[in-house]
Each structure stands twice: as structure tokens, then as C-alpha cells.
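As C-alpha cells, the structure follows; a few thoughts come after it.
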Amino acid sequence: MAAVIETHRLSKAFGSLEAVRGLDLAVRPGEIYGLLGPNGSGKTTLMRLLVGLAKPDGGEAWVLGRRVPDRRLFAEVGYMTQAEALYPDLTAGENIAFFGALNGVSSRQRVEEVLQLVELTERAADLVGTLSGGLRRRVSLACALVHRPRLLILDEPTVGIDPQLRVAFWAHFRRLAQEGVTILVSSHVMDEAERCDRLGFMREGRLLAEGTTEELKRQAGATDLEQAFLRFAEGSDAA
Ligand SMILES: Nc1ncnc2c1ncn2[C@@H]1O[C@H](COP(=O)(O)OP(=O)(O)OP(=O)(O)O)[C@@H](O)[C@H]1O
Ligand SMILES: [Mg+2]
């Protein structure tokens with residue numbers, strides 16, 4: 001089956017800083033693909049290129065069979081940004097309804113559904129500006145899910161989320177994957193990384209290593225994923 005995300009020699013620079021360097025990536029339908037890498041290694045920039053919010057300097061990317069950027073993809077992709085992109089003077093429910101409407105979903109029932117999913121039903125009428133950081137992350141995730149996208153691009157979705165809900169989020173991601181939704185997710189949390197089907201390790205804009213948790217550990221000669229991460233990040237011989 002064709003890849004859901006495919007990039008060839010994808011590159012993006014900010015001045016002399018090469019944030020993404022000739023990156024080749026293929027993400028398969030229905031897999032949860034985790035992006036790992038130190039701060040500043042290019043994960044967010046890669047995601048922004050894939051959703052068409054940044055323009056590549058070189059190479060190309062296809063998402064769901066369309067060459068990006070392509071406006072039609074907005075309705076098919078759910079993107080949860082690392083930085084917050086909510087309206088503080090709208091309620092949680094209104095934010096979700098607004099993102100849904102932008103993407104052709106105006107069902108009140110669907111808004112209720114995703115509110116329930118992120119356990120925010122009771123706070124639906126609260127202004128987002130008055131919610132705590134973790135509660136706002138939940139609203140952001142609901143916004144990314146409301147239009148039932150075929151591809152989810154989640155940039156550190158569980159930062160600030162309490163452990164109980166974090167487990168619930170991951171259970172939901174797995175359910176979505178089983179339904180055929182493809183998920184690209186970045187994380188710095190190793191136990192989350194281990195829940196991914198495959199992982200890509202980025203450093204300095206490049207995809208340095210790729211595989212399952214077991215494969216990455218073997219490649220790095222490490223006993224656990226954290227040690228593998230540190231070895232790849234340092235650029236040891238194992239990398
Ligand atoms: N709009 C921009 N202008 C200038 N430099 C940028 C811009 N966006 C990103 N960068 C730089 O590109 C590099 C990659 O940043 P990016 O946000 O993609 O990293 P990241 O892997 O997502 O890091 P983190 O784990 O901290 O989220 C960094 O050095 C960053 O400062
Ligand atoms: Mg980032």
C-alpha cells in the first residue's frame with residue numbers, strides 16, 4: 001500500500017540554519033510513527049512542512065497521495081501544534097466547533113463526542129483563556145480530532161497532561177490506528193515512544209535511525225530506549 005506520508009530529500013533552512021536536511025521519510029497507513037530527537041532537531045519544522053504551513057527549500061513531500069502544499073489536505077489531516085493555537089476568548093466547546101466548521105463538520109453531537117473523549121464535558125462552556133495549561137492541551141487535541149481526519153500529526157500532544165489522561169490518550173491513538181488512521185507523533189517521553197509502531201530518530205535535521213524500539217536499541221547497542229536516545233543524540237559510533 002502507498003505510504004501516507006512520503007518525503008524525498010525534503011529540506012528547510014532558516015537563514016544559515018538547516019532545520020530539515022534532505023530528509024527521506026515514509027509513514028505507512030495505519031501506523032503510529034514516533035518522531036524522537038533533541039530540542040531543535042527539526043521535528044516541528046518537519047510537521048509544519050507536511051501540513052503545508054512551511055514551504056520547503058528543496059525536495060518534496062506527499063501526504064495522502066497529494067503533493068504538499070495542497071489546501072484540500074486541511075480537511076483530511078488533524079494537526080495538533082506544539083505551541084497553542086486556540087482562541088482564548090471563545091469557550092472550549094466553541095473552539096472545537098469552530099475548528100470543526102472550518103473543516104466541514106458542523107455536528108453538535110460530534111463536538112460533544114470529542115469533548116467527552118478529552119474529558120472536558122464539564123468545562124465546555126468555560127473560556128479557553130481561563131483554563132489551565134493541561135486543560136488547554138486537551139482542547140487542542142479535541143480540535144485536531146473533531147473532523148475525523150485520516151492522518152493525525154501530533155506535536156508533543158501529551159505535554160502537561162496528567163498521567164491518567166495520558167494513558168487514555170494513547171489508548172485512543174491506538175484505537176484510531178486500528179481503525180486505519182495514520183498517526184505521526186513527536187515526543188520526548190520514552191514510555192510513549194515505546195507505544196509507537198515505528199520510531200524515527202532525528203538529529204540536526206536528519207533522520208538518523210529508524211525502526212521499532214527493539215531495532216533502535218540494537219542499532220545503538222543500548223539496553224533501553226532512553227540509552228539509545230542518548231547515544232543517537234550524542235552522535236556516538238553506534239549512530
Ligand atoms: N521560524 C523560524 N525561524 C528561525 N528559526 C527557526 C524557525 N522555526 C524553527 N527554527 C529553528 O529550526 C531548528 C529546528 O526547530 P524545530 O522547532 O523544528 O525543532 P524541534 O525538533 O521541534 O525541537 P523541540 O523538541 O524543542 O520542539 C531550531 O534550531 C529552531 O530554532
Ligand atoms: Mg518541536
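Take my numbering: the final residue in the sequence shown is number 239, and no numbers are missing along the way. From the three backbone atoms N, C-alpha and C, an ideal C-beta is built for every residue, glycine too.
- For Thr158, the three-state secondary structure derived from DSSP is coil.
- In terms of Cα proximity to Ser132, the closest of Leu141, Ile161, Leu152 and Leu73 is Ile161.
- Contact between the stretch 8–25 and the stretch 191–206 is present: 3 or more CB-CB pairs across the two stretches fall below 8 Å.
- Put simply, of Ala233, Leu73 and Thr130 the residue whose alpha carbon is nearest the alpha carbon of Thr91 is Thr130.
- Lys217 and Ala228 have their C-alpha atoms some 5 Å from each other.
- Distance from the CA atom of Gln116 to the CA atom of Gly221, rounded to whole angstroms, is 43 Å.
- The three-state reading of DSSP puts Val63 in strand, counting E and B together.
- Distance between Phe99 and Arg138, taken at the CA atoms: about 14 Å.
- Counting the other Cβ atoms within 10 Å of the Cβ of Arg231 gives 16 or more, which makes it buried.
- Pairwise C-beta distances place the stretch 164–182 out of contact with the stretch 101–114, as fewer than three of them are shorter than 8 Å.
- The C-alpha of Ser186 is placed about 27 Å away from the C-alpha of Ala124.
- Ser187 has its CB no nearer than 7 Å to any heavy atom of ligand 2.
- Judged by DSSP in its simplified three-state form, Leu152 adopts strand.
- Taking 8 Å as the cut-off, the Cβ atoms of Val4 and Arg21 do not count as close.
- Per DSSP, the beta bridge partners of Phe14 are Leu17.
- The beta strand (DSSP E) runs lying completely inside the stretch 166–224 and spanning 3 residues or more are 182–186, 198–203 and 206–211, given in chain order.
- In this structure, Ile153 and Leu86 do not form a Cβ contact; the two beta carbons are roughly 17 Å apart against a cut-off of 8 Å.
- Relative to ligand 2, Lys55 has its C-beta separated by 7 Å or more from all heavy atoms.
- Around Glu76, the same chain offers Leu64, Pro149, Arg150 and Leu151 as residues with beta carbons nearer than 7 Å, after the five sequence neighbours per side are excluded.
- In the three-state reduction of the DSSP assignment, Ala26 falls in the strand class, which pools E and B.
- Close CB contacts of Leu25 within its chain, under the 8 Å cut and outside five residues either way in sequence, are with Ile5, Glu6, Thr7, Leu10, Leu46, Gly200 and Leu207 (chain order).
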